[in-house]
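Each remark here refers to the structure printed beneath this line.
Chains as they are written, first to last, in this note's numbering: chain A, 7 to 211; chain B, 3 to 254; chain C, -7 to 511.
Below, the structure written as C-alpha cells:
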C-alpha cells in the first residue's frame, strides 16, 4: 500500500498536467450527470456552471488563459444565468413531472445519442492533431485574434450571423402584438361586458 | 440626437449639483443629540409615559372617575377602581392602574379626558426588569404639583382654574375629600390646604394676568411668542419640577 | 430636490454656533487615518514576516538547500495570498465603519461614535455579534445551495484581487508572481461570478422576496456587465495590453499620463489636428470612466442600483433569510467588491500606484533632504490626527474642562516625541541606511542592518500609499453617491443600461480606436 502510494505520488509529480486533467475530468463528469439527472431543474442549471468551470480549467491546462477566462465570464456566468432565469420564469410543473417519457421518445433519444456519439468519435479520430513541442506563448490573445480574423474568419462570420438570427427571432417573439385599433376596442368592450356582468352578479348576491 | 445630448448633459449637471449639495452638508453642525448625555428637548405634544396630573395651583387630584379613558383605550390597559361617595353622591377614585407594557401611546385617553387629568409626559426612559413593574398604580402615576404645572405650561392646555372657582361641585368635593380616608393622594392635599395656599393664590393672580396678556399676544404674534411668555412665566416652576424629576430618577 | 430640503429646514432648528463644523470632519479624518495605518501596518508586517523574515531565518538555520528550499519558496509564493487574506476582512471592517461615518456626515448626523474611542471598534463589535448569532436555515430551503451561496459570492472577490496586488505594489518581487498576462480579463471574469451566488442564494432561500432579489440582480448584472467590460476593453486598446502592471506602468510620470486623460496624449502632440484628436480622446476617456463607475455601481448592487436588495421593497432581497456568519460573509463580500471595483478603476484609469506628480512621494523622493523633512512632518501630522482632538464634550475620548486640556497637552507632547523619533528613523531610512548609526555597525550587526533594510522598501511603500489614496477617494465618492441619488426604477434601469450605456460604450470603443491612430 505504502509503496503504491509513493509510486503514485512520484507518477503524479512527473505527470502533474495529466493529474490535473483527471481531477478536472472527475469534477466535470459528475457535474454533467447531475445536470441530466437532478430532478430540480434549477439545480441542474447551477450544476451546469460547475461543468463550465471545470472546462475552463481544462483550457487553463492547455495554457489558453484568455479562453478560460472567456469561458467563465460568458458561459459559466452569463449564459447559464440566462438559462436559469428562463427556467425560473417557465412552467414550474416541469419540476414535478416525473412521468417516464413515452417509450418511443426514449428509444429515439437513445438512438440519436448513440448516433451523435459515433459521429463525434469518428470525426475526432479522422482529424490529425498536430502536437507542437514548443510551449504556447503566455500572451496568446494575439494568436487568437489573428486566427479569428484570418484563417477562421468564415466560421466566425457564420457564428455572428447565427447570433444575429437568434437575436431577431427573440425580438420577434417578444414583441408586443400589434392589433388594429378596432380590434383593441372590441377587446376592451368585451372586458367591460365581463366586468359589468360581474357587477350584476354582485348586485344579485 | 442633439436633444439626447442636451438631456444627458443636463442630467449629469443635475447629478453633479446634487452631489455638491450633499457634500456641502458634511460641514454642517450635526443635528444628532447624543441621548444619554443630552436629554432631548421634546415638544409638548410628545406622547411618552402616561401620568395623572393634579391641579397645579391647589394640588388636588384632577381625576373625576368618569372612566372615559378606560372605555376609549384600544388596548384596555387602563383599570380604574372607584366608588360612589356616600356624602356627595359622586364617583370617587380609589385606584388607577395603567399597564405600560400594553399601552401603545396612542394618546386617545388624553384626548377624551374632560379635566385634562391624564396626560402623556415627556418621559420615555421607563425600562424595567419585569413586566409587572410596568403596571403603574395611582401613586406612581400621579404627578407632583410642580410637574403638573410644568406639563400644563408645556402642553399649553388651559389651566384647571375654573375647577375651584366652580360653585357647586368642586368645592364641595374638595371639602368632602379630607373626610374620605381612602386617598393615596392624601399627602398632597393637606399641603394644598395649608401653607402653599397663599403662594398658590399669588401665583394664580400672576398667571391669570400673564395668560390674558399671552392670549392677546398669541392672536397678534403667533405661537412662538406665546411659548416664550409661557416659558418665562413658568420658568421657576419648571425648574423646580425638573429638580423633582431628577430626584425621582436618582431614587430609581 | 436636495436644495428644497435644505430650504425646508428652518434655520432655528439647527443649533449651529459657527457656519462650519470642522470637528466631525476632523474626527472622520482621524478615524480613517488610524484605521488605514492599522490595516497597512498589519498587512505590511504579515507580508514581511512571511516573505522576508521567515525565509531568512530558515536560510540561516538550515541553509538554502534541500527541503528547506521548498519551504522558503512555498512561503514566498503564499505571501500574496496571505496579504489578501489579512487585508480583506480588516479592510471590510473599516469600510463598513467608514461608510457609516461618512454617510452620517453627508446626512448631518454623527454616526457610530460609542464603541471604543470615538466609535473606532464599532464594526469589530458588530462582527463579533454576527459570529455569535444563530445560523438559521429556513424550512424548505435547498440546504446545500443555501450554504454554498455566500461562499460563491465571497470567494471570487478574494481571488479577483490577486493580480491587482502586483499593480499596486509597483511589481514588488514577492508579488510579481501574481501578475498574469491576461490580468485585467482575469479580474473581470472573477468579479462576474458573485452574481451566481446571489441568484443561488435567492433561489435556495425559499422566499419570494429573495427570489425576486436574485432575479433582479441577475438581470441587472447581465445588462451592466457589457458596458463595464467594454469600457475596460477600450482602455486595454488604448494601452495595448491586458497586463495590469504594464497598464499601470504606462500611466506613471504624472497625472497627465493617466488613462483618465487619454493616456499621456495631451502633451505629446504638436500639430493642430492631432491636438484636436487628443482632446477628443481625453473626453472619450472621461466618459469611459463615467461608464465604468456606473457599470461597477450596478455590478456590486450599490445605490442607485441597489434594486436586488431594496430594503423598502424586498426586505433586503437575496439576503433576507440569511443570518449569523453567512450574512456576515455576504456583508463582507459586498464591501470587498466595492473595494475591488475601486481598485480596478484606480489601476485602469488613475495610474495605480504611480505618483500623480513625478517626484512627489515616490521612490526618488525618499532620497533627498525634502523627503526627510516631509517624512518627519507627515509623521507629526499623522500623530496629531491620531491622538488628539480639540477637547469638546462627548467625544468619548476626552472630557472637557481642565482635565481635558491637560490630556490634550500631554498628547501633544507624546505625539511630538514619537514624531521626532519616527521622523529621525524615516530620515535614516531615506538615506538608504548608510548614515550615522549604520556606518558604526560592525559586521556582527549585519543582521540588524538586514532587518531594517528588508522591512522598509520605499518603492513599494510609495506605490501602496498612492494606490490606497486613490482607491479610498473612489470609495468615498461611492458613499457620496449613495448619500445623494435615489434608487432607479427597474424599467428605467434596464432602459438606461441597454439603450444608453451599451451604445455609448460601443461608440466610444470605435472613437478611441480611431482617435488613437490620429494622434
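Quick reminder that beta carbons are idealized off the backbone N, C-alpha and C, glycines included.
- For chain C, is any of its Cβ atoms less than 8 Å away from the one on residue 27 of chain B? By this cut-off, residue 27 of chain B is an interface position.
- Inspect the beta-carbon positions of residue 123 of chain C and residue 317 of chain C and report whether they are closer than 8 Å. A contact, by the Cβ cut-off of 8 Å.
- Query: Any chance the segment 468 to 479 of chain C sits against the segment 203 to 216 of chain C, with 3 or more Cβ pairs inside 8 Å?
  - Reply: Contact between the segment 468 to 479 of chain C and the segment 203 to 216 of chain C is absent: fewer than 3 CB-CB pairs across the two stretches fall below 8 Å.
- Task: Using the Cα positions of residue 30 of chain A and residue 67 of chain A, report the straight-line distance between them to the nearest angstrom.
- Result: Cα atoms of residue 30 of chain A and residue 67 of chain A: separation of roughly 10 Å, rounded to the nearest angstrom.
- Under a CB-based cut-off of 8 Å, is residue 87 of chain A close to chain C? Closer than 8 Å to the CB of residue 87 of chain A there is at least one CB belonging to chain C.
- Message: For residue 10 of chain B and residue 484 of chain C, what's the separation of their Cα atoms in angstroms?
- Response: Going from the Cα of residue 10 of chain B to the Cα of residue 484 of chain C covers about 14 Å.
- Classify residue 4 of chain B as helix, strand or coil using the three-state DSSP reduction. Look at residue 4 of chain B here: in three-state DSSP terms it is helix.
- Task: Alpha carbon to alpha carbon, how far is residue 481 of chain C from residue 297 of chain C? Give it in angstroms, no decimals.
- Result: Cα atoms of residue 297 of chain C and residue 481 of chain C: separation of roughly 9 Å, rounded to the nearest angstrom.
- Item | Residue-chain proximity (residue 178 of chain C, chain A), Cβ-Cβ < 8 Å | Interface annotation, residue 178 of chain C: in contact with chain A, CB-CB separation under 8 Å.
- Terminal residues of the alpha helix (DSSP H) in which residue 83 of chain C lies: Under the DSSP assignment, residue 83 of chain C falls in the alpha helix (DSSP H) whose first and last residues are 59 to 98.
- By the 10 Å Cβ neighbour count, where 16 or more other Cβ atoms means buried, how is residue 22 of chain C classified, buried or exposed? Its Cβ being crowded by 16 or more others within 10 Å, residue 22 of chain C is buried.
- Query: By the 10 Å Cβ neighbour count, where 16 or more other Cβ atoms means buried, how is residue 5 of chain B classified, buried or exposed?
  - Reply: Exposed, by the Cβ-count rule.
- Task: With DSSP collapsed to three states, give me the class of residue 144 of chain B.
- Result: The answer is strand: DSSP assigns residue 144 of chain B an E or B state.
- Message: With a threshold of 8 Å, are at least 3 pairs of Cβ atoms found where one atom belongs to the segment 152 to 161 of chain C and the other to the segment 178 to 186 of chain C?
- Response: Of all C-beta pairs linking the segment 152 to 161 of chain C to the segment 178 to 186 of chain C, three or more are shorter than 8 Å, placing the two stretches in contact.
- Figure out for me which residue from C:507, C:269 and C:468 has the closest Cα to the Cα of residue 28 of chain B. Nearest to residue 28 of chain B by C-alpha distance, out of C:507, C:269 and C:468, is C:468.
- Message: Please classify residue 83 of chain B as buried or exposed, where buried requires at least 16 other C-beta atoms within 10 Å of its C-beta.
- Response: Burial call: exposed.
- Tell me whether the beta-carbon of residue 289 of chain C lies closer than 8 Å to the beta-carbon of residue 252 of chain C. No, the pair does not count as a contact, with Cβ atoms beyond the cut-off.
- Task: Evaluate contact between the segment 306 to 320 of chain C and the segment 264 to 280 of chain C, counting only Cβ atoms and requiring at least three cross-stretch pairs below 8 Å.
- Result: With a cut-off of 8 Å on Cβ pairs, the segment 306 to 320 of chain C is not in contact with the segment 264 to 280 of chain C, counting fewer than three such pairs.
- Can you give me the start and stop residues for the beta strand (DSSP E) that residue 200 of chain C sits inside? DSSP places residue 200 of chain C in no beta strand (DSSP E) but in the uninterrupted alpha helix (DSSP H) bounded by 200 to 231.
- Query: Helix, strand or coil for residue 161 of chain A per DSSP?
  - Reply: Assigned with DSSP and collapsed to three states, residue 161 of chain A falls in helix.
- Using the beta-carbon of each residue, which ones in chain B are nearer than 7 Å to residue 475 of chain C? Here the neighbours are 24.
- Cross-chain neighbours of residue 149 of chain A in chain C, by beta carbon under 7 Å: What residue 149 of chain A touches in chain C: nothing, since even the nearest Cβ is about 12 Å away.
- Same chain, Cβ closer than 7 Å to residue 16 of chain C, five either side skipped, listed in chain order: Residues 97 and 102 of the same chain have their beta carbon placed closer than 7 Å to that of residue 16 of chain C, with the five preceding and five following residues left out of the count.
- Task: Less than 8 Å between the CB atoms is what I'm expecting for residue 500 of chain C and residue 230 of chain C, so what's the real figure, rounded?
- Result: Incorrect: roughly 11 Å between the Cβ atoms, too far for contact.
- Query: Are the beta-carbon atoms belonging to residue 512 of chain C and residue 455 of chain C less than 8 Å from one another?
  - Reply: Because chain C is modelled from -7 through 511, residue 512 of chain C falls outside the range shown and cannot be assessed.
- Compare the Cα-Cα distances from residue 39 of chain B to each of C:490, C:86, C:268 and C:105 and report the closest residue. Of the candidates C:490, C:86, C:268 and C:105, the one whose C-alpha sits nearest the C-alpha of residue 39 of chain B is C:105.
- Query: How should residue 208 of chain B be labelled, buried or exposed, when 16 other C-beta atoms within 10 angstroms of its C-beta is the threshold for buried?
  - Reply: Note that residue 208 of chain B scores a pLDDT of 48, beneath 50, so its modelled location is shaky; the value from the coordinates is reported in the next line. That one is exposed.
- Message: Below 7 Å on C-beta distance, what does residue 181 of chain C contact in chain A?
- Response: Correct list: 75, 78 and 79.
- Residue range of the unbroken beta strand (DSSP E) whose run includes residue 83 of chain B: Following the DSSP letters along the chain, one finds residue 83 of chain B inside the beta strand (DSSP E) bounded by residues 80 to 86.
- Query: Can you name the residues of chain C whose CB is closer than 9 Å to the CB of residue 17 of chain B?
  - Reply: By Cβ distance, chain C contributes 473, 476 and 477.
- Message: Rounding to the nearest angstrom, what Cα-Cα distance links residue 21 of chain A and residue 27 of chain A in this structure?
- Response: C-alpha separation (whole angstroms): 10 Å.
- Taking DSSP as the reference, what is the three-state secondary structure of residue 80 of chain A? Of the three classes helix, strand and coil, the one that applies to residue 80 of chain A here is helix, per DSSP.
- Tell me which same chain residues have a C-beta within less than 7 Å of the C-beta of residue 17 of chain A, skipping the five on either side of it? Same-chain partners within the cutoff: there are none.
- Query: Between residue 505 of chain C and residue 222 of chain C, what straight-line distance do the alpha-carbon atoms span, to the nearest angstrom?
  - Reply: So the alpha carbons of these two residues sit roughly 12 Å apart.
- Message: Against chain A, with Cβ distances strictly below 8 Å, would residue 482 of chain C count as a contact?
- Response: With respect to chain A, the C-beta atom of residue 482 of chain C has no partner C-beta closer than 8 Å.
- Message: At the 8 Å Cβ level, is residue 48 of chain A part of the contact set with chain E, yes or no?
- Response: Here chain E cannot be found, since the structure's protein chains are A, B and C.
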